[in-house]
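S.K.: Residue numbering for the sequence shown follows this note's numbering, beginning at 109 and increasing consecutively.
Provided herewith is a single structure, encoded as structure tokens, for subsequent inquiry.
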Amino acid sequence: MRTHTARLRALSITLPLLLLTVFALLLASPAAPVHAQEEFKTLKKDYETARKDGSRTQMGRIAAKMGDTNDPDAAKFLLKELDEDQKARARKKAGLPGEVRDEIIKALAKFTDEKSVEMIGNACLALKSDKDASLALDQFDFFMALASMKNSPPAEKAVRAAIADAKNAFIKVAAIEAVRQAKAKQYTQDVANVLAEENEAWHKTWLIVPINVFACLQELVEPEEKEMAIKVVEATIAWQERTTCADERVRFFGGNMLWKLTGEEADMSSTFYWKWWVQQMKTVGNVDAKNKPEAKRSKTVASPPVFDTQPVGKRFVFVIDVSDSMKLPLKITLEEIEKRKKDRGPISGRRKKDKEAEEGKEPEDNNPLRKLPWEDIGTKMDLAREELSRSIKDFAGDRYFAVIIYSTGHTLYTEGWIKATQENCNKWSRNVQELTTDAMTNIHGSLMRAFRMGAKGDTETEHPAVEADCILNGADCIVFLTDGWASWDDQSQGRTKDKRNNVDNSVGDGPFIYGEDIWPDVLRHNIFRKVIINTVGIGNHDKDLLQNLAKRTGGVYVDWGFPES
């Protein structure tokens, strides 16, 4: 009896507690969105206050917090901010600060509810980059948010629709590059499928499509993913046989992709070799090195090298520093330069096996730098001038070149593209011997000048990243040389303190003075174009800047640095 009574008492206590718990859960279930809405309203007020006060940092932080709310109203607000930014820039007015815009894009990637993701996808696809190519960069930003989302059908639908677009190269490449940067492997097959598309424009005009496809697949597919690697090689074989594309930059990016996936150095045009490789992988699971068929080695570079680099393509821009510091003494010898070249390894960045390296090694006597009059070279400018002169003289062939010199300003020294006939090469080899030093170092402005090159040389475009003339007729490769650190840009109106050494009035007050600001902007202009940038640093220079420019564009960084007093 006592036991029964005790049980009744326990039940009388437990049952109300259970009911209270259930009731609390029922109340809590709609509270999450209500709380998110209230949080967004507070953040919106804080954001508008920060915008009024001109606080960029605070605006960016608040935008990031809006993404954490996962509230559709927050997504709608952030999309409206981007829309207003696009309209302002179209009217050539000041839009959102760059760092705020970046935070908004990152915030959009955090949303997971279907309504918000659909809004982001629709906003992206609504931008008509086929009519206004400048909108392609905005589409890329949206695609970065969408491609970064995991297990989101609405996001995948939008990204896949863009990758499969049959007419607009810009939206297609914007999505492919976003997938590459986000390393979104779920789209690997979609990107590979582009190679099967029957569109002559992709291999005859808009070569940025296959170039970006190969760059993306190189990032997405690992050698150990044998099944996918085989599919990609098969797709490349079929594409090459159908198009017979011989463009050097396409072959460069395609060759790099194939080498990364397979470790094989064969040129992508050697389709018979790649068919053998596929058969080996399918039947044996690996390659029989002893029974390899003969294949054309991957060689898509201009010869001879310039400034210890080998440029790729048909149109080359030499961007040469002539700032005042270039007249300082040279403190590096030919012997040290040759030693560093050996330490740097193959110019392509591909490490061969010992035997292959020995077979393909270039005799030191053939080093073009040995042709220079070293007894007359006393300053950094002497070295730059002599090597540029030597490079141009030896540059004759089926290609074009241009020379941009820069100090505080920048000048298209050749006044346009020069066809590399032997006569023209001899003439400009002599002309560049007259280069002299002057003033400060405008790295960003000179690189943008190179990106603005079109069919007739200089263009006035404000959008070299997407201007058709620049893409179709502009630089394939830039050889960029500097002896120091940026100290001026095209936006500078006056001088201010250099944060690197706290020296007052020593650098310009523009937004592109420091390397960490320069290379991300240059890379953004290169999202679609994939111009290869080889960099050469003489003396005490900004190694981080030059390394990022070269590494992130498929180029080579050459370090001719030395301590300067």
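Yeah, the Cβ is synthetic: ideal placement off N, Cα and C, and Gly gets one too.
Can you grab the Cα-Cα spacing for the pair residue 267 / residue 251, in whole Å?
M.R.: Between residue 267 and residue 251, the C-alpha separation is close to 7 angstroms.
S.K.: The alpha helix (DSSP H) that contains residue 177, what's its start and end?
M.R.: Counting along the chain, the alpha helix (DSSP H) containing residue 177 begins and ends at 164 to 177.
S.K.: Just reading off the beta strand (DSSP E) that residue 604 is part of, what are its end residues?
M.R.: Per DSSP, residue 604 belongs to the beta strand (DSSP E) from 603 to 606.
S.K.: So, helix, strand or coil for residue 465, using DSSP?
M.R.: Bear in mind that a pLDDT of 42 at residue 465, under 50, signals an unreliable position, so the number given afterwards is only what the model happens to contain. Three-state result, residue 465: helix.
S.K.: Give the C-beta separation of residue 496 and residue 426 to the nearest angstrom, bearing in mind that I take them to be a contact with Cβ-Cβ under 8 angstroms.
M.R.: The pair is a contact, with the Cβ atoms about 6 angstroms apart (cut-off 8 angstroms).
S.K.: So, residue 334 versus residue 393, is the Cβ gap smaller than 9 angstroms?
M.R.: Yes. Within cutoff.
S.K.: Under 6 angstroms Cβ to Cβ from residue 604, same chain only, skipping five residues before and after it: list those, please.
M.R.: Excluding positions up to five away in sequence, the list reads 617.
S.K.: Helix, strand or coil for residue 157 per DSSP?
M.R.: Correct three-state label for residue 157: helix.
S.K.: In whole angstroms, give me the CA-to-CA distance for residue 401 and residue 384.
M.R.: Going by the C-alpha atoms only, they are around 8 angstroms apart.
S.K.: Taking the DSSP output, what are the residues bridged to residue 667?
M.R.: DSSP, once it has assigned bridges, lists 645 as partnering residue 667.
S.K.: Is it buried or exposed, residue 189, if we count other Cβ atoms within 10 angstroms and call 16 or more buried?
M.R.: That one is buried.
S.K.: Exposed or buried, what is residue 637 when buried is set at 16 or more other beta-carbons lying within 10 Å of its beta-carbon?
M.R.: The residue in question, residue 637, is buried, as its Cβ has 16 or more Cβ neighbours within 10 Å.
S.K.: Give the list of continuous beta strand (DSSP E) stretches no shorter than 3 residues that lie fully inside the region 545 to 595.
M.R.: List check, beta strand (DSSP E) in window: 585 to 590.
S.K.: Under the rule that 16 or more other beta-carbon atoms within 10 Å means buried, what is residue 151, buried or exposed?
M.R.: By the 10 Å Cβ count, residue 151 comes out buried.
S.K.: Could you spell out the range, first to last residue, of the beta strand (DSSP E) harbouring residue 428?
M.R.: First-last of the beta strand (DSSP E) with residue 428: 423 to 429.
S.K.: What does the alpha-carbon distance come out to for the pair residue 655 and residue 516?
M.R.: When rounded, the distance between both Cα atoms is 23 angstroms.
S.K.: Tell me the residue span of the beta strand (DSSP E) that contains residue 510.
M.R.: From DSSP, the beta strand (DSSP E) with residue 510 extends over 508 to 514.
S.K.: Using DSSP with H/G/I as helix, E/B as strand and the rest coil, what is residue 437?
M.R.: Here residue 437 sits in strand by DSSP.
S.K.: Taking residue 597 and residue 620 to be in contact with their CB atoms under 8 angstroms, please state how far apart those CB atoms are, rounded to whole angstroms.
M.R.: Contact holds; Cβ gap of about 4 angstroms.
S.K.: Can you tell me where the alpha helix (DSSP H) with residue 629 in it begins and where it stops?
M.R.: Its alpha helix (DSSP H) spans residues 623 to 633.
S.K.: Is the region 573 to 588 touching the region 536 to 543 in the sense that three or more CB pairs, one from each, lie closer than 8 angstroms?
M.R.: No: fewer than three Cβ pairs fall under 8 angstroms.
S.K.: Just to check my reading of the structure: residue 270 and residue 227 have Cβ atoms closer than 8 angstroms, yes? What is that Cβ distance to the nearest angstrom?
M.R.: Not really, about 16 angstroms apart at Cβ, beyond 8 angstroms.
S.K.: Relative to the alpha-carbon of residue 556, which residue among 663, 311, 631, 499 has its alpha-carbon at the smallest distance?
M.R.: Minimum Cα distance to residue 556 is reached at 631.
S.K.: Among 272, 222, 279, whose alpha-carbon lies nearest the alpha-carbon of residue 258?
M.R.: Looking at the Cα atoms, 222 is the closest of the given residues.
S.K.: When the Cα atoms are used, what is the spatial distance from residue 351 to residue 309?
M.R.: Taking the straight line from one Cα to the other gives about 11 angstroms.
S.K.: Excluding five sequence neighbours on each side, which residues of the same chain lie with their C-beta closer than 6 angstroms to the C-beta of residue 423?
M.R.: Closer than 6 angstroms at Cβ, skipping near neighbours: 508, 583, 584.
S.K.: Looking at C-alpha atoms only, which residue of 660, 364, 371, 431 is the closest neighbour of residue 546?
M.R.: Of the listed residues, the one whose Cα sits closest to residue 546 is 431.
S.K.: Once the 5 residues before and after residue 566 are set aside, which same chain residues still bring their CB inside 6 angstroms of it?
M.R.: Around residue 566: 520.
S.K.: Assuming the contact rule is C-beta atoms closer than 8 angstroms, residue 319 and residue 361 should be a hit. Round their C-beta distance to whole Å, please.
M.R.: Correct: roughly 5 angstroms between the Cβ atoms.
S.K.: Is residue 282 helix, strand or coil by DSSP?
M.R.: Residue 282 falls in the helix class under three-state DSSP.
S.K.: Assuming residue 321 and residue 303 form a contact by the criterion Cβ under 8 angstroms, report the distance between their Cβ atoms to the nearest whole angstrom.
M.R.: The pair is a contact, with the Cβ atoms about 6 angstroms apart (cut-off 8 angstroms).
S.K.: Can you give me the C-alpha to C-alpha distance between residue 633 and residue 661, rounded to a whole angstrom?
M.R.: Spanning the two alpha carbons is a distance of roughly 11 angstroms.
S.K.: Does DSSP put residue 235 in a helix, a strand or coil?
M.R.: Here residue 235 sits in coil by DSSP.
S.K.: Return the residue from the list 658, 615, 612 that minimises the CA-CA distance to residue 628.
M.R.: When only C-alpha atoms are compared, the closest one is 658.
S.K.: Look at the alpha carbon of residue 132 and the alpha carbon of residue 155, and state the distance between them as a whole number of angstroms.
M.R.: A caution first: residue 132 carries a pLDDT of 47, below 50, which makes its placement in the model unreliable, though a value can still be read off. Distance between the alpha carbons of residue 132 and residue 155 is about 33 angstroms.
S.K.: Cβ of residue 253 within 9 angstroms of Cβ of residue 282?
M.R.: No, these two residues do not count as a Cβ contact at 9 angstroms.
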